[in-house]
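So the protein lines, in turn, are chains A and Y.
Going by this note's numbering, the first residue of the first sequence is number 5, and it counts up by one from there.
Going by this note's numbering, the first residue of the second sequence is number 16, and it counts up by one from there.
For glycine and all other residues, C-beta sits at the position ideal for the given N, C-alpha and C.
Remember, predicted model here, so these are calculated numbers, not experimental data.
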Amino acid sequence: MAVNCYITFPSTYSAIRAENLLKQKDYPYKMVPVPRAISSSCGTALRCDCKDIFSLASFLRQQDLDLEGIYRLEESGMKMPKVEDINVES
Amino acid sequence: MLKAEHHKNNRETLNLYFDNAATSWPKPEPVYQAAEKQMRQMHGNPGRSGHTRTLEADRLLYRVRATLTALFQVKDPSRIIFALNATDALNIALKGLLNKGDHVIHTALDHNSVLRPLARLRHDGIITTTTIPCSSEGDPDLHFLEKAYQSNSVLLVINHASNVIGTIAPLNEMIESAHHRGVKVLVDAAQTAGAIPIDAEAMDLDLLAFTGHKSLLGPTGTGGLYVKNGIELKPLREGGTGSQSERDQHPESMPERLEAGTLNSSGLAGLLAGVDFIQETGLVNIRKHEVAIRDYLYQRLQEIKAVRLFGPADSEKCVGSLSLNIKSADCGEIGYLLEDQFGILTRSGLHCAPLAHQAIGTFPQGTVRLSPGYFTSTADVDYLVDALKEIISFSS
């Protein structure tokens, strides 16, 4: 079972802006389609290591970027993952 | 051998383009390549679904926005939205900003892209308007402007440079005047974006409409609108954005707020290459060449007695274009002869700016407009001047 953390954005523009801002940082991350378990929106989410999630989110917020949500997903194969909303406004 | 005869013998090779104010040509080579590459290799629908090509399209749009942000000296790329052209951007601005009872001031140099949306809103009983008269050189009457404000004035629309005679508007004075009265300013930069430096934040512009296919050297179907932070326009169009798809309301955040439907990503890839070319060449150097070539054109045309020139003699006050008439000859006929006999492409008529022609005294007959560009040489100007001399000698 894999555990990943996700950040979602209010717009594709914000997602790409986040990606550009993170070029200054060393966090490993990947831009992926928003998991259905989080939202039915067809946008792009940022997937990262859960140990980095809060410092990464706080860095993005410091850059005046709006985040839609922050989630922790326990993913196992083809089954619907277990979602935990871990959004804490910083 | 006469130029006309030479042209007939070499019809395929001669094609001199003096219509850059309508759309610029040629484009820098990377513009063609970028647009084609985007369509052939990178084609995904920006913002829709999450595969890598879609992401690449999203990244491209971000780069275009960031590059335009740098060109216009604004900080936040989300305040630049893409539009089809300047007309589209002006419609988005005017119809998104104005409400019932508002009063709008604009100048006689305006293009139909401003005049017609304003006329629609006026005829529908939504707004009232006042037109600032201009001199035959294209200078707006600033004393008239000072008296034009009303208690319900909300917007001053300024054509940054005339598409008929090239005159650049005294933007700073006009913006200061409007802001002093609490009136917002919409600048129509159709003729100036990419031709003269625009520092939107330092000039404190509220709204800046631009097209991609003229001096920004990009493909047709590209353009945009800068909207100052704090101004929220009502969207002219609503629909798919790829984001917040579960909601029945269009997203409110910029830039999606004003962008519905699939964007012209291949065109915008070309536009990015055009703006990159401008930045690499240096806008100052482009401007220097365009002033020099217009000045040379103006000086050479003065050699011809039968030619009546329209537009300031001082090319520093203008973008590249100027207008002319030959005695009482039909400007359409001159334009036709220039192409048919000499392979020179110009534009004749009213140039979608009827009030500007009234100001310079050429309504309704119009003028022949000559608009050289960054790729026009003095040899091209010499050929054009010789062609005009031949046309005059044939007909007299």
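- Beta-bridge partners assigned by DSSP to Gly257(Y): none are found.
- Residue environment: Asp221(Y) is assigned as buried (16 or more neighbouring CB atoms within 10 Å of its CB, all protein chains considered).
- Segment contact: the region 133–153 of chain Y against the region 371–385 of chain Y, three or more CB-CB distances shorter than 8 Å; contact assigned.
- Beta-bridge analysis with DSSP links Arg362(Y) to Arg384(Y).
- Between the C-alpha atoms of Pro32(A) and Pro92(Y) there is a straight-line separation of about 25 Å.
- Apart from the 5 residues on each side of it in sequence, Val383(Y) sits with its Cβ closer than 6 Å to the Cβ of Leu339, Cys346, Ile349, Gly350, Thr361, Ser363 in its chain, given in chain order.
- Taken through DSSP and simplified to helix, strand or coil, Ala49(Y) comes out as helix.
- When DSSP states are grouped into helix, strand and coil, Arg262(Y) belongs to the coil group.
- The C-beta of Met82(A) has fewer than 16 other C-beta atoms within 10 Å across all chains shown, which makes the residue exposed.
- With the criterion set as a beta carbon lying under 7 Å from some beta carbon of chain A, the members of the region 66–83 of chain Y are Leu70, Asp73, Arg74, Tyr77, in sequence order.
- Interface annotation for the region 11–43 of chain A against chain Y: Phe13, Pro14, Ser15, Thr16, Tyr17, Ser18, Ala19, Ile20, Arg21, Glu23, Asn24, Met35, Val36, Pro37, Val38, Ser43, criterion Cβ-Cβ distance under 9 Å.
- Between Gly73(A) and chain Y, the shortest Cβ-Cβ separation is not below 7 Å.
- Out of Leu171(Y), Val290(Y), Lys404(Y), Lys332(Y), the CA that lies nearest to the CA of Asp310(Y) is found in Lys332(Y).
- For Lys199(Y), the uninterrupted beta strand (DSSP E) run begins and ends at 199–203, by DSSP.
- With its beta carbon at least 7 Å from every one in chain Y, Ser80(A) lies outside the interface.
- Close to Pro266(Y), with beta-carbon spacing below 8 Å, are these residues of chain A in chain order: Pro14, Ser15.
- Between the region 252–266 of chain Y and the region 235–244 of chain Y there are fewer than three inter-stretch CB-CB distances shorter than 8 Å, so the stretches are not counted as touching.
- For Glu295(Y), the closest Cβ of chain A is not nearer than 7 Å.
- Across the region 54–67 of chain A, no CB contact with chain Y closer than 7 Å is found for any residue.
- Take Arg78(Y), set aside five residues on each side of it, and the residues of its chain with a beta-carbon closer than 8 Å to its own are Leu287, in chain order.
- Neighbourhood of Glu51(Y) in chain A, by CB distance below 7 Å: empty, with the nearest CB roughly 23 Å away.
- Among the residues facing chain A, Pro270(Y) is included, as its CB has a counterpart in that chain under 7 Å away.
- Excluding the 5 residues flanking it on each side, Thr393(Y) has same chain C-beta neighbours closer than 8 Å at Ile308, Tyr311, in chain order.
- Within 8 Å of the CB of Pro43(Y), no CB atom of chain A is found; the nearest one sits about 25 Å away.
- Here Ala101(Y) is near Ala224(Y), since their CB atoms are less than 7 Å apart.
- Chain-order list of chain A residues neighbouring Pro61(Y): Thr16, by C-beta distance under 8 Å.
- Using a Cβ-Cβ distance cut-off of 8 Å, the region 155–166 of chain Y and the region 110–123 of chain Y are in contact, since at least three pairs of beta carbons, one from each stretch, lie closer than that value.
- Under the rule that a run must span 3 or more residues, the beta strand (DSSP E) segments found entirely inside the region 336–360 of chain Y read 337–341.
- In the same chain as Val202(Y), and ignoring 5 residues on each side of it, the C-beta atoms closer than 6 Å to its own belong to Ile173, His175, Leu220, Leu223, in chain order.
- Judged by pairs of C-beta atoms under 8 Å, the region 51–64 of chain A does not touch the region 269–276 of chain Y, as fewer than three such pairs exist.
- Between His158(Y) and Ile147(Y), the alpha-carbon positions lie close to 9 Å from each other.
- Scanning Gly140(Y), Asn178(Y), Ser280(Y), Pro327(Y) for the CA closest to the CA of Gly381(Y) turns up Asn178(Y).
- Taking the beta carbon of Gln317(Y) as reference, no residue of chain A falls within 9 Å; the closest one sits roughly 51 Å away.
- The DSSP-derived three-state label of Ser128(Y) is helix.
- When rounded, the separation of the alpha-carbon atoms in Arg51(A) and Lys34(A) is 5 Å.
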